[in-house]
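Taking my numbering, the leading residue of the sequence shown gets 56, the next gets one more, and so forth. I have placed the structure first, in the form of C-alpha cells, so that the comments after it can refer back to it.
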Amino acid sequence: MIIANQTDALEDTRLKYRYLDLRRPVLQQTLKTRATLMQATREYLDGLDFIELETPILTKSTPEGARDYLVPSRIHPGRFFALPQSPQLFKQLFMIGGMERYYQIAKCFRDEDLRADRQPEFTQIDIEASFVDQAQVMTMTEGLVAHVFKQTIDVTIPLPFDVLTYDEAMRRYGSDKPDRRFGLELLDVSSVFASSDFEYLRGQSVSMLHLPNSTLTRKHIDALSEIAKTYGASGVSFMKYDTDFTSGIASKCSREELAAIASLAQPSANDLYLFVAGDLRVAQTALGQVRLHLGQELQLINDKEYDVCWVVDWPLFEPTDTGVTSAHHPFTSPKPQTMDALTKDAIAQAYDVVCNGYELGGGSIRIHQPALQAKVLELLGMSKERAKEQFGFFLEALEYGTPPHGGIALGVDRFVMLLTNTTNIRDVIAFPKTASAQDLMSQAPGDVSDAQLSELQISRKK
C-alpha cells in the first residue's frame, strides 16, 4: 500500500501507525538525508584523524541542567543508573586517557518539557580534541557544517562564519540564537530615556524596533503586547510617525527625546516604532520574540536562505533565585583574563553555532586544572562533599595530568530539520515521541508487572 505525501490524518494517528506513515516519500527522503548527514560527518572527521569511540548508556546521575531518566538496578537494590544527558564527562576522560581526537554520533536523554524542536531522546554529533583552542574548534566545526550542507542538499555555506558576542546578539536581535535572514534589528534606546519625565521608560532598559511604512493596526500591536508579556515584559508601547511623531507614547516624550529617536532611526511617513522597557534581558528577549513574530507575519524571511553564525563570549554563570548556575555546564573554562580572579561575572570560553534561529550546536574549552574546577564548583554553591559525591571519579581523574582540551556537540535532529526545511522535530526521527513524551505505536511508557517491581524492590505509590 502506497501512502500519499499529503495527508489529512491527525499526527497522533500517523504516529500510532508510524510504520505506514514511513511509506510516505517525503519521510523516506528525510531519513535518507539523515543517513547522508551521518555518512558525511564520519567522512569529514575521519579525514581529520578523529577516532569514533563509544561512551556508556548506563551511567551515574550527575547534575547537567535537566532531569535524568533513571534506571533502577536489580543487583544493587535502591540504587539507580541514569541515561546520559550527554557524553560530557566521558569524552573528557578520553582526553585524559590519551585519545586525542574523539567523535561519536551519540544518543542522549533528557526528561524535560517538550516542544517542536525537542525530544526526550535525541542524537548529537559529539566531538572532543586535545591541545586545541577556541579558534581551532570553531574552524573545524565550520568545515564540518559546510561539508554536510554540500553533501546532503548541495548548498555551499560561505566560510568563515560571522561571529557575534552574546551581548551583541542579545542587543541586536533579542536572542542568543538570532535569525539574521531579515532585518528589523533592535536598537538600545535606554540612554534616550535615562532621565525622562515619562516614568514608564525612565531609568529602564529600553529596546526599540523601527518598522518603516508599517500597516500594523492597534489590534496588531495589542497582539504583539501579549507576545511580549509571555516573556516577562509588561507589554509593547508604540508611537507612529506621519509628519511628526503621533499616537501612543509620543505625547509623553519630550521634544529632545523624540529628536534623539529620529536621529537613531530616520522616520518617514507611516513609520511605526515599538518599545519594550524593563530589565535588560527581559526587554531584549521580549522584543526579540516580537521581532521573530513580525518576520514571519510580514513574510520577511527567505526560507531558501541559510545563515550560519557563531555566538561567543557567553557568561560563565547565570543568576538564579538562590545563587548561580552554569550557563553551559560546570566544566566550561572561563576566558584567561578572568581566570585568576574568578567571579560570578566571568566570561566563558564557550561558543554556539546558530543557523536560521536554531542553536545547531554548542561547545567550549574545558577546565583541565583541578584547582580551577574546584573553584567553579564552589561558586556554583557545591560543597566539597557534594562535588565528590557527584563528580568524584572525574575530579580524581583530573589530578593525573589533563591536557588542554575542548569540543562541541551538534544536534543531529535539528540539523536535519534545517536541511529538510521542517519546523517539527518529529518529522526527522523515524520513531519519535509525542509532545507528551509517549510512543503511541508501542504504547510506551507502559505498565510493568508487580513481579518486575518486586525484583527491583520498588513498590507502587498508592
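For each residue, glycine too, the CB sits at the ideal point set by N, CA and C.
Residue from the options with nearest C-alpha to residue i
{"i": "F248", "options": "L266, E311, L415, I212", "result": "E311"}
{"i": "D181", "options": "G417, V210, Q174", "result": "G417"}
{"i": "L214", "options": "D222, S497, K205", "result": "K205"}
{"i": "L199", "options": "S245, I484, M93, T220", "result": "M93"}
{"i": "G280", "options": "A341, S491, Y406", "result": "It is worth fixing the name first, because residue 280 is Ser in this sequence and not Gly. It is A341."}
{"i": "V366", "options": "T211, L219, Y99, G466", "result": "L219"}
{"i": "I112", "options": "D299, M496, A429, L144", "result": "L144"}
{"i": "H72", "options": "V503, A492, S491, A485", "result": "One detail in the question is off: residue 72 reads as Tyr in this sequence, not His. Closest option to Y72, Cα to Cα, is A485."}
{"i": "R469", "options": "V503, F105, G412", "result": "G412"}
{"i": "P459", "options": "D188, V363, N325", "result": "D188"}
{"i": "Q351", "options": "D505, R481, K517, L239", "result": "L239"}
{"i": "Y286", "options": "D334, C308, I316, D243", "result": "D334"}
{"i": "V210", "options": "E360, G501, Y406", "result": "E360"}
{"i": "Q179", "options": "T110, N60, K517, I282", "result": "T110"}
{"i": "T298", "options": "Q424, A317, K307, K284", "result": "A317"}
{"i": "Y406", "options": "R273, Y221, I212", "result": "Y221"}
{"i": "S497", "options": "D67, T62, D63, N60", "result": "D67"}
Close Cβ partners of residue i (< 7 Å) along its chain, the five nearest in sequence each way excluded
{"i": "F135", "result": "S116, L125, V126, P127, S128"}
{"i": "G343", "result": "Y228, G229, S230, L241"}
{"i": "I596", "result": "The structure shown has nothing for residue 596, since the chain only spans 56 to 517."}
{"i": "P385", "result": "V431, L432, L435"}
{"i": "I151", "result": "A452, Y455, T457"}
{"i": "G133", "result": "Q512"}
{"i": "N476", "result": "D358"}
{"i": "G322", "result": "One point to set straight first is that residue 322 is Pro, not Gly, in the sequence displayed. Correct list, in chain order: Y296."}
{"i": "A95", "result": "H202, V203, Q206, T207"}
{"i": "A121", "result": "Q140, R165, D166, E167"}
{"i": "A224", "result": "S230, D231, P233, V366"}
{"i": "E440", "result": "none"}
{"i": "N60", "result": "R79, P80, V81"}
For residue j and residue i, believed in contact at Cβ under 8 Å, the rounded distance
{"i": "T88", "j": "T207", "result": "5 Å"}
{"i": "Q159", "j": "P142", "result": "6 Å"}
{"i": "S388", "j": "R336", "result": "Contact flag wrong, Cβ pair sits at about 24 Å."}
{"i": "R346", "j": "L271", "result": "Not really, about 13 Å apart at Cβ, beyond 8 Å."}
{"i": "L108", "j": "Y157", "result": "5 Å"}
{"i": "L266", "j": "L327", "result": "4 Å"}
{"i": "I463", "j": "V203", "result": "Not quite, the Cβ-Cβ distance comes to about 14 Å (not below 8 Å), so this is no contact."}
{"i": "G378", "j": "F177", "result": "Not a contact, Cβ separation roughly 29 Å."}
{"i": "A403", "j": "L371", "result": "4 Å"}
{"i": "V483", "j": "T91", "result": "13 Å between Cβ atoms; not a contact."}
{"i": "S250", "j": "Q259", "result": "Actually they do not touch by this definition, with Cβ atoms about 12 Å apart."}
{"i": "C364", "j": "D217", "result": "4 Å"}
{"i": "F300", "j": "L313", "result": "5 Å"}
{"i": "S262", "j": "Q339", "result": "5 Å"}
{"i": "S309", "j": "D252", "result": "7 Å"}
{"i": "R235", "j": "D362", "result": "5 Å"}
{"i": "V408", "j": "L415", "result": "5 Å"}
Sequence-distant residues of its chain with Cβ nearer than 6 Å to residue i (five each side left out)
{"i": "L355", "result": "F237"}
{"i": "D494", "result": "K488"}
{"i": "L474", "result": "T88, T207, I208"}
{"i": "D76", "result": "R69"}
{"i": "E155", "result": "S185"}
{"i": "L256", "result": "F248, A332"}
{"i": "A305", "result": "M294"}
{"i": "T380", "result": "E373"}
{"i": "Q445", "result": "T117"}
Same chain, Cβ closer than 8 Å to residue i, five either side skipped, listed in chain order
{"i": "L148", "result": "F449, A452"}
{"i": "I58", "result": "L75, D76, R78, R79"}
{"i": "L508", "result": "S514, R515"}
{"i": "T194", "result": "P215"}
{"i": "A382", "result": "W369, P370, L371, F372, E373, A403, A405"}
DSSP beta-bridge partners of residue i
{"i": "H265", "result": "Y328"}
{"i": "S419", "result": "A405, G462"}
{"i": "T301", "result": "K295"}
{"i": "T220", "result": "V367"}
{"i": "C410", "result": "V363, Y413"}
{"i": "D166", "result": "R122"}
{"i": "T178", "result": "K162"}
{"i": "R481", "result": "Answer is none; R481 lacks a bridge partner."}
{"i": "F135", "result": "P127"}
{"i": "E311", "result": "DSSP, once it has assigned bridges, lists no residue as partnering E311."}
{"i": "Y157", "result": "I106, E183"}
{"i": "R236", "result": "None, per the DSSP bridge assignment."}
{"i": "A499", "result": "D494"}
{"i": "L242", "result": "M263"}
{"i": "R173", "result": "R170"}
Contained alpha helix (DSSP H) runs [length at least 4] in the segment 65-133, N- to C-terminal order: Fully enclosed alpha helix (DSSP H) runs of 4 or longer: 66-71, 73-76, 80-102.
Those runs of the beta strand (DSSP E) which lie wholly inside the segment 364-395 and span at least 3 residues: Within the segment 364-395, the complete beta strand (DSSP E) runs of at least 3 residues are 372-374, 379-381.
Complete beta strand (DSSP E) runs within the segment 332-366 (minimum length 3 residues, chain order): none
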